[in-house]
Amino acid sequence: MLHINDLTYRVGGRMLFNQATVVVPAGHRVGLVGRNGTGKSTLLKLIAGELSVDGGSVNVRPGARLGRMAQEAPDGPESLIDTVLAADLERARLLHEAETETDPMRIAEIHMRLADIGAHAAPARAARILAGLGFDHEAQQRPCSSFSGGWRMRVSLAAALFAEPDLLLLDEPSNHLDIEARLWLESYIKAYPYTLIMVSHDRDLLNASVEQIVHIDGGKLVSYSGGYDDFERMRRERVAGLSAAQVKQEAQRKHLQAFVDRFRAKASKATQAQSRLKMLARMQPVVALAEDEAVNFNFPTPPSLSPPLIVLEHASAGYTPGEPVLSKLDLRLDMDDRIALLGANGNGKSTLIRLLSDRLKPMTGALRKSGKLRVGYFAQHQAEELDLKGTPLGHMAKKMPNATPQKHRGQLGRFNFSGHKAEIEVAKLSGGEKTRLLFALMTVEAPHILLLDEPTNHLDMDAREALIEALNDYEGAVVLVSHDTHLVRLVADRLWLVQDGTCTSFEGDLDDYQRQLISERGGSERERAKAEKKAKKNARIEIVETVPVVDTVRLIGETERKEQRRIQAEKRQQIAPLRKAVADAETWVARMTKQVKAVQDKLADPKLYEGSADTVRATQMELGRAQAALAEAEAEWLNAQTQLDAVTQDAVA
27 MLHINDLTYR VGGRMLFNQA TVVVPAGHRV GLVGRNGTGK STLLKLIAGE LSVDGGSVNV
87 RPGARLGRMA QEAPDGPESL IDTVLAADLE RARLLHEAET ETDPMRIAEI HMRLADIGAH
147 AAPARAARIL AGLGFDHEAQ QRPCSSFSGG WRMRVSLAAA LFAEPDLLLL DEPSNHLDIE
207 ARLWLESYIK AYPYTLIMVS HDRDLLNASV EQIVHIDGGK LVSYSGGYDD FERMRRERVA
267 GLSAAQVKQE AQRKHLQAFV DRFRAKASKA TQAQSRLKML ARMQPVVALA EDEAVNFNFP
327 TPPSLSPPLI VLEHASAGYT PGEPVLSKLD LRLDMDDRIA LLGANGNGKS TLIRLLSDRL
387 KPMTGALRKS GKLRVGYFAQ HQAEELDLKG TPLGHMAKKM PNATPQKHRG QLGRFNFSGH
447 KAEIEVAKLS GGEKTRLLFA LMTVEAPHIL LLDEPTNHLD MDAREALIEA LNDYEGAVVL
507 VSHDTHLVRL VADRLWLVQD GTCTSFEGDL DDYQRQLISE RGGSERERAK AEKKAKKNAR
567 IEIVETVPVV DTVRLIGETE RKEQRRIQAE KRQQIAPLRK AVADAETWVA RMTKQVKAVQ
627 DKLADPKLYE GSADTVRATQ MELGRAQAAL AEAEAEWLNA QTQLDAVTQD AVA
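Residue numbers 27 to 679, in this note's numbering, belong to the letters of the sequence shown in order.
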């Protein structure tokens, strides 16, 4: 279906692709992955013919229909259903021609072709796609212009899926979807009958729906079979293999060079030495894979507060007097809570986040919180409030007007804005970099609770993993809204369901919730079987003998995930005092280092020796005591750091 041969493409003088080659067979579903800025979206434009290559070729099978999501969300007076139906250009053209054609033979041909492409069933198919993406029958009849940008992007996705081209290109299709719609998309893509190439940073979506991963790596296109987890495993093995080959080759090179150096001057060995020189010249170096720069998230540790942090009692919240979005809210938040909000978009998850952040006051009932509570609030729309002409350093200076430039840079450094990166104009930052800047700004005061509304939309895979690690290390409470099921599984200990105008605790895990969704939507037996198969894949089945009559099957996958989350919580509790011990030891080392230097400066001063010998001896003894104290401090620091490293490595293992 697609052959990319020796592709070369530059952007602003920077080499994006350098003789890159890959083949995508017909009918394959491919995930396109790579760090932000490596050229994923650019490659889709090159495949679509929207950009011209600098070298090489991009060849799509002749006659193949190619489709992709529109870059601009539809915003006209047409209804959603009509917008989606119009995406099938052949159907729209034939229907229009049928209304004006007078030749009986041509009319017959038109109707035969309409029957071949299933034109009469198209409205029902379009309605099913829209329903899967969260639009009920009433919403499907409304004009596109009546919806917000995020919902209109869903219509754009629905149109691309409905057209069913031979080669479908999708760029982050799950970005504007809640978990409900994302689950539907996962099953739809998995059953897509034609070729599909999808850019996505959603690990679970890639694992469930594609059979090939193409990784943009150093300007090359490297293909791996399987889903994202398979890709990560094979890439690790490849890195390890290349590293081992590099070490082996270097040892061989040294051995050959040693022979040459030793026997080059001896006539009897000259021929052998010359032969080894030729071997050295022919030896091609093994090039190790370039490792991407690590992405850092480091949330400051908040001071402890007595529980509870926030309590809602019979509260309601909304935007129009007398019309609450949420009511009957009886909820409590403590420092060790890790909560994910579930529920379809429009049910009030963001409203609850705004209520907890004090950006929205309760209409009725009460919201009680600690007077010392500090809240960190993140929402994607905040990126629009950044000064595009400013710099991260300038934004931090405004946020911390009384702090020194060193403290400004220190806070930015927690989120990978070190050195010159702190002085780049915000307009030139990528979406992921703007997200990291928002995190840096929102955590200046070391908040006790992080309220995160879709924090991963612009983060690549590595940044998402760094965020997961940082949230698990963070010692305050977390409440998050996210369509990223991988993030929810690894961070959240509890689930709250926002539904039917209120919020209640959901007893179960994410797989339970997904099975409930399929059941509530009246999924077919096939869909139920798929959901059960997925659940069984995530679970280990254990047979337990109970009574002589029958065996009992016990699914313990959910228990294992709960145990993993419990271990993460224990890890945070175990690491906290060790981090404090390391910090205290570092302070002690710094103080004693300064004291040793001060005494050494005294001993280096010639005036000291103009006085009595007793003063000199006393100063030398003072240096000895200071050096002993420094050695003790360094030993204390080394011990604390060793314990911290051991606990951290155990947690990773």
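Don't be surprised by glycine CBs; every beta carbon is placed ideally from N, CA and C.
No residue range can be given for Ile143, since it is assigned to no alpha helix (DSSP H) and is classified by DSSP as neither H nor E. Collapsing the DSSP output to three states places Tyr214 in a helix. Along the region 214 to 257, the alpha helix (DSSP H) occurs as fully enclosed runs of 4 or more residues at 229 to 235, listed in sequence order. Distance from the Cα of Leu120 is smallest, within the candidate group Glu98, Gly144, Leu106, Thr109, for Gly144. The straight-line gap separating the alpha-carbon atoms of Trp177 and Ala99 is approximately 9 Å. Each of Ala217, Met95, Phe161, Arg117 was checked against the Cα of His146, and the nearest Cα belongs to Arg117. Cβ contact annotation for Ser383 (same chain, cutoff 6 Å, sequence separation greater than five): Val401, Tyr403, Leu477, in chain order. Partner residues in the beta bridge of Tyr35, as assigned by DSSP, are Phe43. Given a length threshold of 4 residues, each whole run of the alpha helix (DSSP H) inside the region 49 to 77 is given here in chain order: 66 to 74. Taking the Cα positions, Arg259 is about 28 Å away from Thr34. With contact defined as three or more Cβ pairs closer than 8 Å, the region 434 to 444 and the region 358 to 376 are not in contact. Note on the region 356 to 424: whole alpha helix (DSSP H) runs with a minimum of 4 residues are 375 to 382, in chain order. Using a Cβ-Cβ distance cut-off of 8 Å, the region 344 to 360 and the region 507 to 515 are not in contact, since fewer than three pairs of beta carbons, one from each stretch, lie closer than that value. Along the length of the region 95 to 119, whole alpha helix (DSSP H) runs at least 4 residues long occupy 106 to 111, reported in chain order. The distance from the Cβ of Phe465 to that of Phe323 is about 7 Å, consistent with a contact at the 8 Å cut-off.
Using a Cβ distance threshold of 9 Å, Thr528 and Ser353 count as a contacting pair. Taking 9 Å as the cut-off, the beta carbon of Ala184 is found closer than this to the beta carbon of Leu106. Here Pro347 carries a coil assignment [DSSP, helix/strand/coil]. Short of 7 Å from the beta carbon of Asp356, and not among the five residues preceding or following it, lie these beta carbons of its own chain, in chain order: Leu338, Glu339, His340.
In the displayed model, Ala472 falls within coil according to three-state DSSP, outside both helix and strand. Under the DSSP assignment, Phe532 falls in the beta strand (DSSP E) whose first and last residues are 528 to 532.
Cβ-Cβ distances below 8 Å link Gly53 to Met27, Pro219, Tyr220, Thr221 in the same chain, with the five nearest sequence neighbours on each side left out; the list follows chain order. Looking only at Arg132, Arg91, Arg154, the smallest Cα-Cα distance to Leu115 is reached by Arg91. Taking a 10 Å sphere around the C-beta of Arg55, we find 16 or more other C-beta atoms and assign the residue as buried. One thing to note: Asn44 has its Cβ within 9 Å of the Cβ of Gly244. About 26 Å separates the CB atoms of Val625 and Gln667; that is not less than 8 Å, and the two are not in contact. Beta bridge pairing from DSSP links Val505 with Ile365, Leu477. Around the Cβ of Ser638, a 10 Å sphere holds fewer than 16 other Cβ atoms; the residue is exposed.
Taking C-alpha positions only, Gly253 is separated from Pro130 by approximately 52 Å. The beta carbons of Leu196 and Ser171 sit no closer together than 9 Å.
Counting only residues of its own chain and dropping the five nearest sequence neighbours on each side, Ala659 has a CB closer than 6 Å to the CB of Trp614, Val615, Met618.
Boundaries of the beta strand (DSSP E) around Gly82: 81 to 86. Taking the Cβ atoms as the reference, Pro431 lies roughly 17 Å from Leu463, outside the contact range of under 8 Å. Annotation for Gln525: the continuous beta strand (DSSP E) segment containing it runs 520 to 525. About 19 Å separates the beta carbon of Leu399 from that of Leu467, a gap too long to meet the 8 Å contact definition. Taking C-alpha positions only, Leu414 is separated from Asn665 by approximately 46 Å.
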